[in-house]
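Here's the structure we're looking at; comments come further down.
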Amino acid sequence: MFKELDPILHSQLRLAVVSLLIGLKEAEFTFIREKTNATAGNLSVQLQKLKDAGYIEVIKQFKDNYPQTTCRITPQGIAAFEAYVNDLQSYLQTGK
Amino acid sequence: MTENKHLSEQESLRLITTMIEKARGSYHDTGIGALLWGSVVSVASILTYLQQVYHFRIGFDIWLVVLLAIIPQIVISIREKKQVKARKYEDDALNAVWLIFGISIFALNAYQQIVPGQTRTIIHAEGWEMMKHYTDGSKPDEILLPFAPSIYSFYIMLYAFPTLVTGIVKKFKPMIVGGVLTYGCFILSLYTRAEYDWLLGGFAAIVCWLIPGIILRRKYLLQKQANV
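Printed below as a string of C-alpha cells:
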C-alpha cells in the first residue's frame with residue numbers, strides 16, 4: 001500500500017521539510033535545519049532532491065555579505081503534498 | 097532526523113502535524129512596535145485631554161513626538177526584517193494593512209488641516225460666513241471659523257481597524273479584545289464632548305497596542321530564553 005505513496009515525500013526529512021514549508025511563504029536554510037534537527041549536509045542533499053522534483057524553489061543570495069539560502073514550496077510541491085496527505089488518509093481509512 | 101527511516105502512516109501524519117505546528121509557532125512578534133505606538137499615542141492623547149480640561153500648555157505640540165516615533169519604527173522594522181528567518185503568508189498582508197493604516201492616519205490628518213481652510217475660502221468666495229449664535233442672547237453673534245468637529249472619533253475608529261484585523265488573522269485574543277473595545281470607544285466618543293474623545297483615544301491606544309505589546313514582548317522574551 002505504501003508503494004503508492006509519493007517516494008519523494010515518503011522520507012522522514014523530506015516530508016518534514018515540505019510540511020514545514022507548506023505553512024510558510026519562505027524559510028531560510030538555517031531555520032529549516034533548526035526545526036528539523038537535521039545536519040547541514042543531509043539537509044542540503046534532501047533539499048536538492050526536492051528541488052529536482054520541482055517541489056521546492058531554492059534561492060541562493062547574499063545578505064550582509066553572507067551567503068543565504070532561502071526555500072519556498074512550489075505549486076507543484078503543494079499539489080504533491082495534498083495528494084500525499086489524501087493517499088495517507090485513504091490508507092488509514094482502509095486500514096480501519 | 098534521518099532521510100531513510102521507514103515511516104508508518106501514523107508516523108507520517110504525526111510528523112506532518114508536528115512540523116505544521118512548528119511552522120505556526122515559529123516566531124513571535126517582538127512587540128516593540130506595539131509598545132512604541134501604544135506608549136506614544138496613549139501619552140499624547142491623555143496629555144491633550146489634560147491640557148484641554150485643565151487649561152495648561154506644555155509648550156510644544158505633543159503630537160510631533162508621535163510623528164517622530166516613525167523614525168525608531170523604521171529602524172525597528174529594518175532590524176526585525178533582518179532577523180526573521182521565515183515568513184508566513186499572512187505577514188505580507190498584515191504589513192500592507194498597517195502601511196495603509198499609516199497612510200490613512202496621514203490622510204485624515206491632512207483632511208483635518210486642509211478642509212477648514214478650504215471651507216473658509218469657499219464660503220468667503222460665496223459671500224457668506226458661519227456665525228456662532230447664542231440662543232439665550234447672552235452674547236453677541238461671533239464669526240465662526242470652519243472646523244472638523246470631534247474628528248478624533250475618526251482616529252479612534254481607524255485605530256480599531258488594523259488591530260482587529262491583526263488579532264483575527266493571528267488569532268491573538270488581546271488584539272481582538274483591544275479592537276472591539278476601541279470600536280466601543282468610537283461609539284462612545286460620538287456622544288461625548290471633544291475633550292473626552294482624547295481620553296477615549298488614550299484608552300484605545302492602551303488596549304489596542306500597549307497591553308498587547310506587553311504580552312507580545314513577554315512571549316517573545318520567553319521564546320528567546322527557551323531557544324538559548
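Those protein sequences? They're chains A and B, same order as listed.
Per the numbering used here, the first sequence starts with residue 1, numbered consecutively.
Per the numbering used here, the second sequence starts with residue 97, numbered consecutively.
Glycine included, each C-beta is placed from N, C-alpha and C at the ideal position.
For Gln-68 of chain A, the residue or residues it bridges with in DSSP: Taking the first sequence and counting its residues from 1, the one referred to as residue 68 of chain A is at position 68. Paired residue(s): A:Gln-61.
Beta carbon of Ile-74 of chain A nearer than 8 Å to that of Gly-54 of chain A: Within the first sequence, residue 74 of chain A is the residue found at index 74, counting from 1. Within the first sequence, residue 54 of chain A is the residue found at index 54, counting from 1. The displayed chain sequence assigns Thr, not Ile, to residue 74 of chain A. Yes.
For Leu-295 of chain B: DSSP bridge partner residues: For this step, residue 295 of chain B is matched to residue 199 along the second sequence. Answer by DSSP bridge pairing: none, since Leu-295 of chain B is not bridged.
When A:Thr-30, A:Ser-90, A:Asp-6, A:Ile-56 are compared against Lys-181 of chain B, the one with the closest alpha-carbon: Taking the first residue of the second sequence as 1, we reach residue 181 of chain B at position 85. Checking every option, the nearest Cα to that of Lys-181 of chain B belongs to A:Thr-30.
Members of the region 187-199 of chain B that neighbour chain A once the beta carbon cut-off is set at 9 Å: Asp-187, Asp-188
Straight-line gap, Pro-168 of chain B to Ala-322 of chain B (C-alpha atoms, nearest Å): As a position in the second sequence, residue 168 of chain B is number 72, starting the count at 1. As a position in the second sequence, residue 322 of chain B is number 226, starting the count at 1. Cα-Cα distance, rounded: 27 Å.
DSSP beta-bridge partners of Leu-240 of chain B: Working through the second sequence from its first residue, we reach residue 240 of chain B at position 144. Bridge partners of Leu-240 of chain B: B:Met-226.
Chain B within 8 Å of Lys-25 of chain A, Cβ atoms only: The count along the first sequence starts at 1 and reaches residue 25 of chain A at position 25. At least one chain B Cβ lies under 8 Å of Lys-25 of chain A.
Below-8 Å beta-carbon distance, Glu-28 of chain A vs any chain B residue: Residue 28 of chain A sits at position 28 when you count from the first residue of the first sequence. Answer yes: the Cβ-Cβ gap between Glu-28 of chain A and chain B drops below 8 Å somewhere.
Collapsed DSSP secondary structure at Ile-218 of chain B in the structure displayed: Position 122 of the second sequence, counted from the first residue, corresponds to residue 218 of chain B. If DSSP states are grouped into helix, strand and coil, Ile-218 of chain B belongs with the helices.
Neighbouring residues, chain B, relative to Leu-20 of chain A (Cβ below 9 Å): Sequence index remark: in the first sequence, residue 20 of chain A carries index 20 (1-based). Those are Met-115, Ile-116, Lys-118, Ala-119, Ser-122, Ala-182, listed as they occur along chain B.
Cβ-based contacts, 9 Å cut-off: residues of the region 231-248 of chain B near chain A: none
Own chain partners of Lys-25 of chain A with C-beta closer than 7 Å, once the 5 adjacent residues on each side are dropped: Translated into the one-based positions of the first sequence, residue 25 of chain A becomes position 25. Arg-72.
Distance between Pro-258 of chain B and Lys-266 of chain B (C-alpha atoms, nearest Å): Along the second sequence, read from residue 1 onward, the residue named residue 266 of chain B stands at position 170. Along the second sequence, read from residue 1 onward, the residue named residue 258 of chain B stands at position 162. Lys-266 of chain B and Pro-258 of chain B: Cα-Cα distance of roughly 12 Å.
Beta carbon proximity, Ile-112 of chain B to chain A, threshold 8 Å: Position 16 of the second sequence, counted from the first residue, corresponds to residue 112 of chain B. It does: the Cβ of Ile-112 of chain B has a partner Cβ on chain A nearer than 8 Å.
Proximity test, Thr-278 of chain B beta-carbon vs the ligand GDP heavy atom, cut-off 7 Å: Among the components modelled here there is no ligand, and therefore nothing to report on the ligand GDP.
Whole-number beta carbon distance between Met-115 of chain B and Ala-16 of chain A, since they are thought to touch under 8 Å: On the first sequence, position 16 is the one that residue 16 of chain A refers to. On the second sequence, position 19 is the one that residue 115 of chain B refers to. Going by Cβ atoms, the distance from Ala-16 of chain A to Met-115 of chain B rounds to 5 Å, so yes, they are a contact pair.
Residue of B:Leu-103, B:Gly-127, B:His-151 minimising C-alpha distance to Tyr-316 of chain B: Locating residue 316 of chain B in the second sequence gives position 220, where the first residue counts as 1. Closest option to Tyr-316 of chain B, Cα to Cα, is B:Gly-127.
Chain B contacts from the region 26-53 of chain A (Cβ-Cβ distance under 7 Å): Glu-26, Ala-27, Glu-28, Thr-30, Phe-31, Lys-35, Thr-36, Asn-37, Ala-38, Asn-42, Gln-46
Inter-residue spacing [alpha-carbon to alpha-carbon] between Tyr-91 of chain A and Gly-198 of chain B: Taking the first sequence and counting its residues from 1, the one referred to as residue 91 of chain A is at position 91. Taking the second sequence and counting its residues from 1, the one referred to as residue 198 of chain B is at position 102. Rounded to whole angstroms, Tyr-91 of chain A to Gly-198 of chain B spans 51 Å at the Cα level.
C-alpha gap between Leu-131 of chain B and Ile-307 of chain B, whole angstroms: For the purposes of this step, residue 131 of chain B is taken as the residue at position 35 of the second sequence. For the purposes of this step, residue 307 of chain B is taken as the residue at position 211 of the second sequence. Going from the Cα of Leu-131 of chain B to the Cα of Ile-307 of chain B covers about 8 Å.
Buried versus exposed call for Arg-314 of chain B [16 or more other C-beta atoms within 10 Å across all chains shown]: By one-based count along the second sequence, residue 314 of chain B stands at place 218. Looking at its Cβ environment, which holds fewer than 16 other Cβ atoms inside 10 Å, Arg-314 of chain B is exposed.
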